[in-house]
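Start counting the sequence shown at 38; every next residue gets the next number (this note's numbering). Even glycine gets a Cβ: it sits at the ideal position worked out from N, Cα and C. The structure displayed is predicted, hence computed values, not measured ones.
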Amino acid sequence: MQTAPVLDAALEFDDALLEWHGSRIWRRFWRHPLSLVGVAVLVFLVLFAFVGPIFYRVNPLATNFLLANAPPSAAHLLGTDALGRDYLSRVMVGGQTSLEVGFAAAVMSIVIGTIYGTVAGLIGGVVDMVMMRIVDVFLAVPALFILLFLNATFQPSALLLIFVLASVSWFGVSRLVRAEVLSLREREFVEAARATGSTISRIIRKDLFPNYLGIVLVAATFGVAESILTLAVLSFLGLGLPPPAPNWGGLLADAQNAMFVNAWWIIYPPGLCILLAELGINFIGDGLTQAFDTRLR
C-alpha cells in the first residue's frame, strides 16, 4: 500500500539527480580551455555581424563606381569592392545571413534526426529496418548532388537554403540517436520505468533523452559548422543567395577577381570569418564532447 509514496519519492530523487548531473556537465564544459575560446570567438562573430551594423551605419548595397576597389580609409575601414560598396558593412551583413542559415539549418536537422532516430529505435523490428534503409539510400547519394538539384529547381532564398541544408544533414544524427536508443531501451532503469506504468513520452523525456542529450548537442555544434561551410561552398559556386544579398561565401567568390588588382582587403576578411566560425564552433563541440564524456546512466 506504500507503493505510490515510494514511487513519488523515487521520481523526485531522479529529478534531483538529473539537475545535479546537469550542473556537473556544464562545470566541466566551462573548465575546458577550448570551450572558452570557442564561446569567445562565436560571441565575437555574433556581435560583429548583428551589433556591428548598429554602430557602423553604412549602406552595404550603396554603389559608387568612383571608389571601386578603394583601399581601407577612414571613410571605408575595409575599403570598397569592385562596385564601390563599403566592404566592412558587407562582411557584417553577410555574417548575419551565414550565421542565421547555419544555425537554423542545424537546429532543424537535429530536431528531424532526433525524432526519426528515437522512433526507429523505440519501435524496432521491421519499422526500424525500413526507416534505416531509407536513411541508407539518402546517405548513398552525395549531398552536393542533392543540393545542386534543389537549388537548380527552386528559386534560391534564405528559407529555401535552410530547408535544403537541413534535408541533407539529419541522416547521420538519426543513426546516432537510434543506436543510443537501441542500447538504452534495454537498460534496467528503462525496464523499471515501464514496470511502474510510465508512458512512452515520460520514458523518452526522463530516461532516454537525458542520456543521449550529449550526442545531440555535440552533433548540433558540428552541424552548425557544416551548414555554414556548405552555404559558403554553394555561394562560392554561385548557387547561394542571389546578389546583391551578401554572405561570406559569396563575398569570397567575388574576391577572386580582386586577386588581379591586388585588393587584399577584399580577399581575406570573408575567408577569415568563415575560418573563425568553423574553429569556434568546433572548439565548442570538443568542449561538449569532454563534458558529456561521463553520461548519466
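Straight through space, the alpha carbons of Ser235 and Ala257 are spaced by roughly 29 Å.
Taking all protein chains in view, the Cβ of Arg215 is crowded by 16 or more other Cβ atoms within 10 Å, so the residue is classified as buried. Trp302 is a Cβ neighbour of Leu115, given a cutoff of 8 Å. Assigned with DSSP and collapsed to three states, Asp118 falls in coil, not helix or strand. Here Arg65 has Ala328 as same chain residues with Cβ atoms under 6 Å from its own Cβ, once five neighbours each way along the sequence are excluded. Within the DSSP bridge table, the entry for Asp123 names Thr117 as partners. Where Leu104 is concerned, there is no enclosing alpha helix (DSSP H), because DSSP gives it neither an H nor an E.
Rounded to whole angstroms, the separation of the alpha carbons of Thr233 and Ser264 is 43 Å. Around the Cβ of Gly161, a 10 Å sphere holds fewer than 16 other Cβ atoms; the residue is exposed. Restricting attention to Leu71, Val205 and Leu120, the CA atom closest to the CA of Asp173 is found in Val205.
The shortest C-alpha to C-alpha distance from Cys310 to any of Ile183, Gly121, Gly132 and Val253 is the one to Gly132. When the five nearest sequence neighbours on each side are left out, no beta carbon in the same chain lies closer than 6 Å to the beta carbon of Arg231. Non-local C-beta neighbours of Ile304 in its own chain, meaning closer than 6 Å and more than five positions away in sequence, comprise Ala292 and Ala295, ordered along the chain. At a Cβ-Cβ threshold of 8 Å, Gly150 and Arg222 do not count as neighbours. With contacts defined by Cβ atoms closer than 8 Å, Leu202 and Thr267 form a contacting pair. Taking a C-beta distance under 8 Å as the contact criterion, Leu213 and Ile252 qualify as a contact pair.
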